[in-house]
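The next block holds one structure in the form of structure tokens; read it before the comments.
In our numbering, the protein residues as written are 67 to 367.
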């Protein structure tokens, strides 16, 4: 079977192998039979009139079926092919599609035919862009169309697989990258936790040392405090004793001061009396000597 070129989903019928199998309506059946025998790849022959209009299509299987019938030579081989079309109108009406139709759409339209017609060839009509009235007709074998469609599906499946593999690779790469990032993050967290654990251990050791020091200091302070309390208690007793002595001495001083005060008063009184006596004595002496009293200064002098 003839291979087809690489195709895509946008490929049309003009990209396929189209057969230019044509005869005029006046050609005898024997000539059609001989052409089909000569071209084994032709599934049928188009009947085109002088005005390049499609009259119909004769299928290979119809021709060979009629050859095996009685009186085939008189009924088919010696008569124009147009007679065969007139005698079999139902079997000579093909599916006509444009050369611009997509292969996928052509397959779908071919499958929409009846079960007896699904394997029949398709007529592809070509219309010249600059000459819209000019039409050309070609035969497209149904297996060729199915093969082209299969190739398109294979290409689609291959692209889907490639895309799936690409997506899977991307997903795997992203997943691996995410896992790697998580591993790095977990490793960093583990290192941080280990550092914190080491710090906590160091702090625990420091706290334990401080606790031991505090306990030692507490024991030391307890002993020293007891000794200091005893010393303070003894000192307080001494101070109380000395205070009592000072109080007693103060009382003695107060008594002595009272005595001194009384003595001072007596001395003052005695001094006054002595002064008066001295004055009187001086006056008496001066009178005896005949001198006049000039003043208190004389007495003093």
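Each residue gets a CB set at the ideal place from its N, CA and C atoms; glycine is no exception.
On a predicted model such as this, the values are computed, not experimentally measured, just so you know.
- Within the same chain, 192 come within 6 Å of residue 202 by CB-CB distance, once the 5 residues on both sides are set aside.
- Annotation for residue 110: the continuous beta strand (DSSP E) segment containing it runs 110–114.
- For residue 220, the closest alpha carbon among the candidates 253, 170 and 190 is that of 170.
- In the structure shown, the three-state DSSP call for residue 93 is coil.
- Note on geometry: alpha-carbon atoms of residue 82 and residue 211 lie some 8 Å from one another.
- Taking C-beta separations shorter than 7 Å and ignoring five residues to either side along the sequence, the partners of residue 222 in its chain run 75, following chain order.
- By the Cβ rule, the region 155–163 counts as touching the region 171–191, because three or more pairs are nearer than 8 Å.
- Looking only at 147, 319, 245 and 133, the smallest Cα-Cα distance to residue 121 is reached by 147.
- Straight-line measurement puts the Cα of residue 239 at about 16 Å from the Cα of residue 228.
- Per DSSP, the beta bridge partners of residue 162 are 189.
- Across the structure, residue 217 and residue 167 are spaced so that their CA atoms are roughly 17 Å apart.
- Straight-line spacing of the CA atoms in residue 126 and residue 207 works out to 11 Å.
- With distances taken between CA atoms, residue 149 lies nearest to 91 out of 98, 91 and 116.
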